[in-house]
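Reading the sequence shown from the start, the letters are residues 574 to 753 in my numbering.
Below: one structure, written as structure tokens.
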Amino acid sequence: MTFINKLDREGKDPIELLDEVETVLGIQCAPVTWPIGMGQRLKGVVHLLTGEVHLYEPGRNFTRQDSTIFPSIDAPGLAEKIGAQMLADLRDELELVQGASHPFDLDAYRAGKQTPVFFGSGVINFGVQPLLDFFVEHAPSPQARSTTGREIAPEENKLTGCVFKIQANMDPQHRDRVAR
574 MTFINKLDRE GKDPIELLDE VETVLGIQCA PVTWPIGMGQ RLKGVVHLLT
624 GEVHLYEPGR NFTRQDSTIF PSIDAPGLAE KIGAQMLADL RDELELVQGA
674 SHPFDLDAYR AGKQTPVFFG SGVINFGVQP LLDFFVEHAP SPQARSTTGR
724 EIAPEENKLT GCVFKIQANM DPQHRDRVAR
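Written out as structure tokens, the structure is:
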């Protein structure tokens, strides 16, 4: 899974980022959430599989509080929250993204041929919950693993995990690199 971070700052166009991930890592990107603005204009993300709109509310998302969620981009009151022009731009962008990107395919994801893509900002805890919910629903179940001493069963009470960054600083002005 790919989490495109720092949505609360200005950055590259999201479509360019998807192209870059596909080119550099050689894997299909399937956007699951899509940003509504970025930086100072950040208003939220749209969950492309459910249609829900998760609003960014400055100051509120630092905790594990759930963001305000509209059931769709057609929900009454959304234009008032994000602005009529931003909603119109979002509709155009979503049409382009859904027509040009790969739809999520569970088998391709589990085979390592596709990465679901999420947008958000880790430091302000925005966009993280949709990623975690998706992980719980779609990631493969834990499997037994052999070690030098014994086989570790997935039902064991103790957990050991490793989370690592495979993409870092994708901006050339910041000594970009991709871990290999």
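Note that beta-carbon positions come from the ideal geometry of N, C-alpha and C, so glycine has one too.
This one's a predicted model, so the numbers in the text were calculated from it and none came from an experiment.
Per DSSP, the continuous beta strand (DSSP E) segment holding T688 begins and ends at Q687 to F692.
The beta carbon of P727 sits closer than 8 angstroms to the beta carbons of S714, P715, Q716 and A717 from its chain, once the five residues preceding and following it are set aside; these are given in chain order. As the crow flies, the alpha-carbon of L669 is around 12 angstroms from that of P587. In terms of Cβ geometry, S694 and L580 form a close pair [threshold 7 angstroms].
The same chain holds no residue with a CB closer than 6 angstroms to that of E666 once the five nearest residues on each side in sequence are set aside.
Here L598 has no same chain residue with a Cβ atom under 6 angstroms from its own Cβ, once five neighbours each way along the sequence are excluded. In the three-state reduction of the DSSP assignment, E724 falls in the strand class.
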